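Residue numbers (UniProt numbering), protein chains in the order written: chain G, 1 to 415; chain Z, 1 to 415.
Laid out in structure tokens, this is it:
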């Protein structure tokens, strides 16, 4: 059983926004046994949308359409669906009541004709209630294919997928299980890994597929299988994963692609009832931001000193001027001192610190762009490591954040 | 003249990664007068890729393909291109020399057969040199349509687009100018704005298009036009924008969608030679991270105290315990104190501070989830404002970060 996604909106095709909706929809469909065959982004234009609907109808049983359901004039999706289904629009009293309620509750201005028009829906559509906005989701069927139209605003779309679309798909279609397992590695390139595991890879059962996903110093290996017996799939995939450890065990740092390294660290720290602080220079708060993006971070994360300027390192973090003068602000000694100081200041068990130069121009130190130091301080001591991260600002920061989490995780596991 | 993008990779269709490549490619093509008609994401599978190539060929003169050029076995793009062009692979000595050089320079392990195979390219392809990786870009032509295949690793793809693909497209095709102008507004919903500007919108010239882009408390209005005379387009769009100010001037906070509010703040602070610090509670470093994502941030940004725990607010930021006990940690008084304290500690001209509850559960204060305070401290005083940001963790944080930048920008403009 197969689905397609059609995202509507010129803003995608001129590169003004990144289409994150498709990734969310693909993931949740996959989790529920529905493979996504294709994602198509089309213009806000009736002929183009109609063509995409017809093409998708030929190939797939479920077509999910997002975008083009706003209250303003650039909205064409609803009218195009009417053309496609030979249908007309009529006012839905439930949708209208919901819009009126939202206006009364959240919006001070009086309800406008334009908003009332959002209650106009195709007569053949089953309405999916949008708890967070005025544009309802719509479920329509044609020649055995289901078409689901959702608003493009991500959090409205997400709630509709989770609470309405997925339950209805589960009810309507028999679906296989789709199992993915992702093995996360670092320290070895894609082709070097491929050579080490070649014999294993060639011996994989026909229905278990392997993919290499390289990114910023890491390679993720994804195993996928599809079938009726979930336990059997799980068992067979786990069996293959076990065989990987003797081959590349030393570069594996985790399983399950869904769980980020910061989520694994969170679990470890909560389990051990231990706490963390960070002192960030060139990573500029990104480590703290990734940690606090997880709900419950307050259980183990006390804070971060983003000491971007050298002056801030001295005045707030208390790094001795002499140390900076002797070693330079981008140095092993300063990374260690930053980790140690922030651990004491914020009174935590663990601390990580970063100092380096992300470019494009040289900063307060003469160190070349891309040279960074990551310091770690634990209840039993501290150290720092140097890394050379290339010359691309964004990548230097992201690779360093990843590396900091890796170093930290290894240390926490020792306690 | 029209282009299409085909992104290849199961990882996109299972939602494991978000396709950011397409947004980058669309944007740079648009800037150079090439409209993108459609973006299609397909599986790592020859029949599917072939179908997408044929469909795109019917519609567009330029087809850009990314993904599926890695060294490992899940790579199918190159072989499919050979099938499509009736071509065979042959070793390219220049590509091989480049791969050997990269291995010698950056990788300690010896070069493998798998990497050598990356030098195999279709005989009809013009090679586009990939300075940052082993998989070359390829430029092929068929029946008047150009097919360009690029590796999927974003920074390799970006460099190839900028330095090779765009110059070749400019050389080969006559292109019109495409002009976009985006007006950023906040404080009014999509439909309320639409009503206020209805007469203006209906009077827009046929070839100037308007789109509404709502997101997290803001609505962006995008005007687009396409034509041969750049100055004329620019003049006519600016003329329409001018007419908007009497209608909705008070909710416009900037023009040019490409320039983020933090980039505008950066320019202001650099111009005025003034500095900034932040004290962040529930935003967890995201304000600092967005500021430091811009090159040159060290010119005006001294750092941030990410005081996530109440204890950290007291111990490091020096917020009086009595103040917290009297007003609660999520309060106007604490937001003001945080902004004032961090401004003094880091010795800056401006400071912003956040305290609030992003949920999902209640934190150190009894304040409901979604209630936040943003404090601003300037050379002439300080204040804080309360906002109620809904109940979705990620949105609460992002909306608050946006709001903090808006408040700050208004204050900086007073000096």
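Quick reminder that beta carbons are idealized off the backbone N, C-alpha and C, glycines included. Note that the structure is predicted; figures quoted are calculated from it, not measured.
Presumed contact (8 Å Cβ cut-off) between residue i and residue j, rounded CB distance
i                      : j                      : result
residue 12 of chain Z  : residue 39 of chain G  : 7 Å
residue 284 of chain G : residue 292 of chain Z : 3 Å
residue 72 of chain G  : residue 194 of chain Z : 5 Å
residue 148 of chain Z : residue 32 of chain Z  : Not a contact, Cβ separation roughly 14 Å.
residue 279 of chain Z : residue 304 of chain Z : 7 Å
residue 6 of chain Z   : residue 65 of chain Z  : 5 Å
residue 333 of chain Z : residue 317 of chain Z : Not confirmed; about 14 Å, so no contact.
residue 241 of chain Z : residue 183 of chain Z : 6 Å
residue 373 of chain Z : residue 356 of chain Z : 6 Å
residue 404 of chain Z : residue 348 of chain Z : Not a contact, Cβ separation roughly 15 Å.
residue 53 of chain Z  : residue 90 of chain Z  : Contact flag wrong, Cβ pair sits at about 21 Å.
residue 185 of chain Z : residue 253 of chain Z : 7 Å
residue 200 of chain G : residue 233 of chain G : Going by Cβ atoms, the distance from residue 200 of chain G to residue 233 of chain G rounds to 18 Å, so no, they are not a contact pair.
residue 145 of chain Z : residue 239 of chain Z : Contact flag wrong, Cβ pair sits at about 37 Å.
Chain-order list of residues whose beta-carbon lies under 6 Å from that of residue i (same chain, five-residue window excluded)
i                      : result
residue 226 of chain G : 176 and 178
residue 135 of chain G : 69, 118 and 151
residue 26 of chain Z  : 36
residue 165 of chain Z : 148
residue 60 of chain Z  : 2, 3, 4 and 37
residue 209 of chain G : 224
residue 172 of chain G : none
residue 114 of chain G : 71
residue 414 of chain G : none
Beta-carbon proximity list for residue i, same chain, < 7 Å, skipping 5 on both sides
i                      : result
residue 125 of chain G : 138, 139 and 140
residue 294 of chain G : 262, 263 and 266
residue 160 of chain Z : 128, 130, 137 and 150
residue 102 of chain Z : 134
residue 132 of chain Z : 155, 156 and 159
residue 327 of chain G : 333 and 334
residue 290 of chain G : 262 and 401
residue 21 of chain Z  : 7, 66, 152, 154 and 157
residue 337 of chain G : 319 and 323
Chain-ordered chain G contacts of residue i [CB-CB under 7 Å]
i                      : result
residue 392 of chain Z : 155
residue 416 of chain Z : The question about residue 416 of chain Z has no answer, for chain Z in this structure spans 1 to 415.
residue 417 of chain Z : Any property of residue 417 of chain Z remains undetermined from this structure, which presents chain Z solely from 1 to 415.
residue 434 of chain Z : Nothing in the structure corresponds to residue 434 of chain Z, since chain Z is present only between 1 and 415.
residue 292 of chain Z : 284, 285 and 308
Within chain G, partners of residue i - CB distance below 8 Å
i                      : result
residue 115 of chain Z : 191
residue 2 of chain Z   : Under the 8 Å cutoff, chain G gives no residues; its nearest Cβ is about 10 Å from residue 2 of chain Z.
residue 395 of chain Z : 155
residue 162 of chain Z : What residue 162 of chain Z touches in chain G: nothing, since even the nearest Cβ is about 13 Å away.
residue 11 of chain Z  : 211, 213 and 222
Listed by chain order, chain Z residues near residue i by CB distance under 9 Å
i                      : result
residue 180 of chain G : 14 and 16
residue 416 of chain G : Residue numbering for chain G in the displayed model covers 1 to 415; residue 416 of chain G lies beyond these limits and cannot be assessed.
residue 42 of chain G  : 37, 38 and 39
residue 295 of chain G : 358, 359, 360, 361 and 393
Interface residues of chain Z facing residue i [CB-CB closer than 7 Å]
i                      : result
residue 46 of chain G  : Simply none; closest approach about 15 Å.
residue 430 of chain G : A question about residue 430 of chain G goes unanswered here, because the residues of chain G that appear run from 1 up to 415.
residue 195 of chain G : 112 and 114
Neighbouring residues, chain G, relative to residue i (Cβ below 9 Å)
i                      : result
residue 234 of chain Z : Chain G residues near residue 234 of chain Z: none, gap ~17 Å exceeds 9 Å.
residue 305 of chain Z : 303, 304, 305, 306 and 316
residue 27 of chain Z  : 14, 15 and 16
Min CB distance residue i to chain A below 8 Å
i                      : result
residue 212 of chain Z : This model lacks chain A altogether; the protein chains it does include are G and Z.
Contacting residues, own chain, Cβ-Cβ under 8 Å from residue i (five flanking each side not counted)
i                      : result
residue 88 of chain Z  : 82, 122 and 123
residue 24 of chain Z  : 154, 157, 158 and 161
residue 228 of chain Z : 176 and 177
residue 407 of chain Z : 352, 374, 376 and 385
Interface partners of residue i on chain Z, CB under 8 Å
i                     : result
residue 24 of chain G : 15
residue 70 of chain G : 190, 212 and 214
Can you list the alpha helix (DSSP H) stretches of 4 or more residues lying completely in the region 259–335 of chain G, in chain order? 261–272, 286–292, 310–315 and 321–327
Listed in chain order, which residues of the region 327–344 of chain Z have Cβ atoms closer than 8 Å to some Cβ of chain G? none
Ignoring anything shorter than 3 residues or poking outside the region 48–85 of chain G, list the beta strand (DSSP E) runs there in chain order. 62–66
For the region 110–149 of chain G, list the alpha helix (DSSP H) runs that are entirely contained and at least 4 residues long, ordered along the chain. 113–116
Going along the chain, which unbroken runs of the alpha helix (DSSP H) with 4 or more residues stay wholly within the region 1–35 of chain Z? 10–13 and 21–31
For the region 259–289 of chain G, enumerate the residues whose C-beta is nearer than 7 Å to any C-beta of chain Z, in chain order. 284, 285, 286, 288 and 289
Quick one: which residues of the region 349–361 of chain Z get their C-beta closer than 9 Å to a C-beta of chain G? List them in chain order. Flagged, chain order: 358, 359, 360 and 361.
At 4 residues or longer, what runs of the alpha helix (DSSP H) sit wholly inside the region 196–232 of chain Z? 198–202
For the region 240–253 of chain G, which residues have a CB atom closer than 7 Å to at least one CB atom of chain Z, in sequence order? Residues of the region 240–253 of chain G with a C-beta less than 7 Å from any C-beta of chain Z: none at all.
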